[in-house]
Amino acid sequence: MKTIICTLLTLFSFTVFAQGNYEKAMGEALQAWKDGKVKEASAQFERIAQVEKDNWIPKYYQALTLVTNSFHLQDETEKASALKKIGELIPKDEKDLNSEWLVVRALATTSDMITDPMSKAAILSPSIMADYETAIKMDPNNPRAIIGLAEFSMQSKKFMGGDTKEECESLQKALPLFDTKKTDPAFYPSWGKERAEALLKECK
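For the sequence shown, the numbering used here begins at 5 and goes up steadily by one.
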């Protein structure tokens with residue numbers, strides 16, 4: 005009986021999404037994430053992605069919630085599990101990787117790198133830089149790719165030394181790009197402006 009009920013609930017959820025409540029479900033998941041309910045938000049995005057199989061947005065947000073949270077995880081096993089899950093969500097086929105996915109992959113690799121920067125930085129830094137650079141080539145107006153590369157370079161120069169003038173100029177260039185948000189598909193990523201503003205303050 006329990007199995008039947010679970011099956012019916014699942015089918016009901018699929019039907020609800022199919023009848024046009026995609027926006028409502030996404031809005032609820034985003035609000036849960038905003039409220040700090042990472043697990044609830046991630047689970048909701050996953051349920052939506054199971055229905056919206058041809059829509060990359062729900063799976064993207066599921067990965068994004070996990071990757072941003074992974075930077076705060078202290079338990080090694082928990083963090084390794086989160087990074088593994090993120091890796092499973094990111095498209096394996098290069099043709100399915102867009103500029104936004106590459107930013108997520110760069111963030112995931114960065115999160116992995118900071119678990120042991122002394123031994124991992126030399127190995128992982130090139131792939132992080134490459135993902136950001138490719139993301140910018142794919143979409144030169146993606147501010148998340150621009151600030152991601154700038155921030156990573158700035159952090160690297162804090163340890164290795166070097167002038168961050170170029171990175172600060174990139175941040176300045178990225179800021180107005182947040183005002184030209186893409187609306188197709190719905191819920192296209194628009195985050196990052198507050199981070200860019202915070203980094204620009206470091207430049208001053």
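Every residue, glycine too, gets a C-beta built ideally from N, C-alpha and C.
By the Cβ neighbour-count rule, Ile132 is buried, with 16 or more other Cβ atoms within 10 Å of its own.
Excluding the 5 residues flanking it on each side, Pro193 has same chain C-beta neighbours closer than 6 angstroms at Glu104, in chain order. Residues Asn145, Asn146, Pro147, Ile150 of the same chain have their beta carbon placed closer than 8 angstroms to that of Leu181, with the five preceding and five following residues left out of the count. Take Pro121, set aside five residues on each side of it, and no residue of its chain has a beta-carbon closer than 6 angstroms to its own.
Taking a contact as a CB-CB distance under 8 angstroms, the pair Ala86 and Leu70 counts as one, their CB atoms being some 5 angstroms apart.
The shortest C-alpha to C-alpha distance from Ser174 to any of Thr187, Lys89, Tyr136 is the one to Tyr136. In this structure Ala112 is in contact with Ile90, their Cβ atoms being roughly 5 angstroms apart against a cut-off of 8 angstroms.
Ala84 is the residue among Ile140, Ala84, Met142 whose C-alpha sits nearest the C-alpha of Asp116. Look at the segment 119-178 and you find these whole runs of alpha helix (DSSP H), each 4 residues long or longer: 121-142, 147-164, 169-178. The residues Met142, in chain order, have a CB closer than 7 angstroms to that of Asn102 in the same chain once the five nearest residues on each side in sequence are set aside.
In this structure, DSSP gives Trp60 a helical state, which the three-state scheme calls helix.
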